[in-house]
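In our numbering, the protein residues as written are 2 to 173. Ideal Cβ placement from N, Cα and C applies to all residues, glycine included. To keep things clear, I will list the structure first and then write my remarks on it.
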């Protein structure tokens, strides 16, 4: 599926090349990702989505799949190169989950509807919901990053258990 939100219409050859690239990345990421690390990432994503009241299973599955495509290797590299603390890891993971959420919403109207409806039920989530509906993905991402910081609680003693366990699993 190629998003109609892209800056230009892709030729058939460009679409095939892009698809092949994503499939190769997907295959490598899924094959190489450590099962324990994938399990821990899934737990963090679940905590994030639960915190934003996003319970639609299709939306959750698509967001998690996108996070797995982008995050497993990125997290390992980030930790290895930087010896990241739980707070740094929390920031990085939150950023990846938010980007994945916004990307999936941009590509899939059903997920957009599920996510924007759920966000409308969470505190100040109306602004993030409106931004997603309006196609203002930068504003939506900014709002979601703030929500994620509250939900995951990184940066202090309030970090959620799943994030602490991910940090421990990644450095093992």
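Distance, residue j Cα to residue i Cα
| i | j | result |
| --- | --- | --- |
| residue 116 | residue 89 | 26 Å |
| residue 1 | residue 25 | Outside the displayed span of the chain (2 to 173) sits residue 1, for which this structure offers no information. |
| residue 92 | residue 20 | 29 Å |
| residue 109 | residue 166 | 31 Å |
| residue 195 | residue 51 | For the chain, the structure presents residues 2 to 173; residue 195 sits outside this window and is missing. |
| residue 18 | residue 121 | 38 Å |
Residue i classed as buried or exposed, judged by whether at least 16 other C-beta atoms fall within 10 angstroms
| i | result |
| --- | --- |
| residue 144 | buried |
| residue 81 | Annotation note: pLDDT 49 at residue 81 (below 50); position unreliable, no value reported. |
| residue 136 | exposed |
| residue 105 | buried |
| residue 70 | buried |
Residue i versus the options, residue with shortest Cα-Cα distance
| i | options | result |
| --- | --- | --- |
| residue 63 | 102, 17, 18 | 102 |
| residue 66 | 163, 47, 51 | 47 |
| residue 123 | 147, 135, 140 | 147 |
| residue 38 | 131, 68, 111 | 68 |
| residue 154 | 87, 40, 10, 14 | 87 |
Inter-residue CB distance, residue i and residue j (contact presumed, cutoff 8 Å)
| i | j | result |
| --- | --- | --- |
| residue 55 | residue 119 | 4 Å |
| residue 141 | residue 129 | 5 Å |
Same chain, Cβ closer than 6 Å to residue i, five either side skipped, listed in chain order
| i | result |
| --- | --- |
| residue 152 | 49, 52 |
| residue 163 | 44, 45, 48 |
Proximity test, Cβ basis, 7 Å: residue i and chain C
| i | result |
| --- | --- |
| residue 104 | Among the chains of the structure shown, chain C does not appear; only one protein chain is present. |
Same chain, Cβ closer than 8 Å to residue i, five either side skipped, listed in chain order
| i | result |
| --- | --- |
| residue 127 | 120, 121 |
| residue 23 | 70 |
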